[in-house]
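Beneath this line is the structure, given in structure tokens, with notes to follow.
Chains as they are written, first to last, in this note's numbering: chain A, 1 to 234; chain B, 1001 to 1234.
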């Protein structure tokens, strides 16, 4: 059973949704049979690096409200994060372009560490207020999950895995993904957004049941030229 | 795509059905992607070997008709066989217990020759009037499809593959097979009897289409806490 999760590093609901999904997984009897795959999604592919944008001000500008009201919205997000055990510090978060972080997640995937890498980068962004667009920061984080730092520096500088990141976004467009997080179960069912843990659990159970239920064989015809132990119907 | 065919060696409709199925396969664009598997079915597991039963008389006795009428029924079967290019000689066929022939088909399966072996034994029974219950006859037929004759003699005498033959018949009972031939496509659809070639072709096309059609991903929920390129809905 395969679960694909489109998300962006700097998307606050993605990290919250990841935690809710993980909580569902813990309650799911067949969690060891699930293959989880992160898919890249850039909320803003044109985002700049190295800016000193203030997230409260960004929200305030977007909604045409005061700085205080922008901060209040971020505070509500921080409260939601706390409910799933995450410690957001949106005051000091450093918004950036996430393409390199996504490319790094694909490098980590080659080594079976995609989930750890995504987790590490999201924690760095939301909790530690690190600049996850900075190559040396990413190299350090990669080292922490056990990846080779020299190789990481190389793939970050030579543009490796650009195509994988693009393909993920094209797939998202084809499926009709409007926002992230976006979860696809066995190419069959989709859940959009950071839904409650119970929703994820219900879908996991549903897909599992459908995949493992032997549906009865359907007869195409009722009569035929056949032989039984008694006779051949000629 | 997998097709399983339950049949018995001495079942006249099974050989005819095999030909009609094969004709459908020839017209099927994806025939190279089909895995075909014969499953054992004994119309009469208690049949004796070494009898000199006359098939016309057997039919006559079964239906309480004259010998001539029994022969006429078999002649009609021979006509049907001719229509698919088979040359039946039911006058001289030697009815027997088919368990050993089925066991041999499983030995052939180990060497990737199950289809050739079944074909060779059915031809021997229906066209050449050979005693396919006789071990030395089976050894000779096995040699003709490229199997080791000494090994064949050994597995015939030591009772190898009895369990495989039994399991097939238990499966048939579970599925509700009333007679043979009986075709199961991808554990999903079943065709009973020697249906017309068009029927087999239709089912092959239907199953192929269903297996290869990407069904659209179904959304479980409509709204969610998510981030779009524009904003996060808090």
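Cβ coordinates follow ideal geometry from the N, Cα and C atoms, glycine included. Since this is a predicted model, take the numbers as computed values, not measurements.
Cβ distance (whole Å) where residue i is taken to contact residue j below 8 Å
i	j	result
residue 81(A)	residue 12(A)	7 Å
residue 217(A)	residue 1039(B)	Between residue 1039(B) and residue 217(A) the Cβ distance is about 13 Å, and since that is not below 8 Å, they are no contact.
residue 1121(B)	residue 1009(B)	5 Å
residue 1191(B)	residue 1203(B)	6 Å
residue 193(A)	residue 1226(B)	4 Å
residue 1201(B)	residue 1027(B)	6 Å
Separation of residue j from residue i, as counted between CA atoms
i	j	result
residue 183(A)	residue 1179(B)	47 Å
residue 1107(B)	residue 1161(B)	7 Å
residue 1016(B)	residue 1024(B)	13 Å
residue 1031(B)	residue 1168(B)	24 Å
residue 128(A)	residue 1215(B)	42 Å
residue 1078(B)	residue 1045(B)	25 Å
residue 134(A)	residue 211(A)	43 Å
residue 1052(B)	residue 1068(B)	18 Å
residue 1166(B)	residue 1104(B)	14 Å
residue 65(A)	residue 109(A)	41 Å
residue 1172(B)	residue 1002(B)	16 Å
residue 142(A)	residue 21(A)	24 Å
residue 185(A)	residue 1125(B)	52 Å
residue 228(A)	residue 1089(B)	21 Å
residue 1157(B)	residue 33(A)	44 Å
residue 1101(B)	residue 1049(B)	12 Å
residue 151(A)	residue 159(A)	12 Å
residue 1014(B)	residue 224(A)	11 Å
residue 7(A)	residue 1213(B)	27 Å
residue 83(A)	residue 1209(B)	47 Å
residue 155(A)	residue 1170(B)	57 Å
residue 41(A)	residue 163(A)	13 Å
residue 1123(B)	residue 1091(B)	15 Å
residue 73(A)	residue 62(A)	12 Å
residue 197(A)	residue 99(A)	29 Å
Simplified DSSP state of residue i, which is helix, strand or coil
i	result
residue 1227(B)	strand
residue 232(A)	strand
residue 1005(B)	strand
residue 190(A)	strand
residue 1037(B)	strand
residue 167(A)	helix
residue 1161(B)	coil
residue 26(A)	helix
residue 149(A)	helix
residue 1207(B)	helix
residue 139(A)	helix
residue 116(A)	helix
residue 1154(B)	helix
residue 1110(B)	helix
residue 178(A)	coil
residue 1195(B)	coil
residue 57(A)	helix
residue 1042(B)	coil
C-beta neighbour in chain B for residue i, strict 7 Å
i	result
residue 64(A)	no
residue 28(A)	no
residue 118(A)	no
residue 70(A)	no
residue 194(A)	yes
residue 122(A)	no
residue 217(A)	yes
residue 155(A)	no
Nearest residue (CA-CA) to residue i, options the options
i	options	result
residue 58(A)	96(A), 34(A), 35(A) and 86(A)	96(A)
residue 195(A)	19(A), 35(A), 2(A) and 3(A)	19(A)
residue 1093(B)	1099(B), 1144(B) and 1075(B)	1075(B)
residue 1113(B)	1037(B), 1219(B), 1014(B) and 1209(B)	1037(B)
residue 199(A)	1029(B), 1221(B), 1086(B) and 1140(B)	1221(B)
residue 144(A)	154(A), 155(A) and 119(A)	119(A)
residue 175(A)	1219(B), 1175(B) and 1170(B)	1219(B)
residue 47(A)	87(A), 153(A) and 132(A)	132(A)
residue 56(A)	63(A), 42(A), 62(A) and 71(A)	71(A)
residue 1148(B)	1177(B), 1042(B) and 1111(B)	1111(B)
CB contact check: residue i to chain A, cutoff 7 Å
i	result
residue 1094(B)	no
residue 1129(B)	no
residue 1013(B)	yes
residue 1191(B)	yes
residue 1198(B)	no
residue 1097(B)	no
residue 1036(B)	no
residue 1205(B)	no
residue 1179(B)	yes
residue 1150(B)	no
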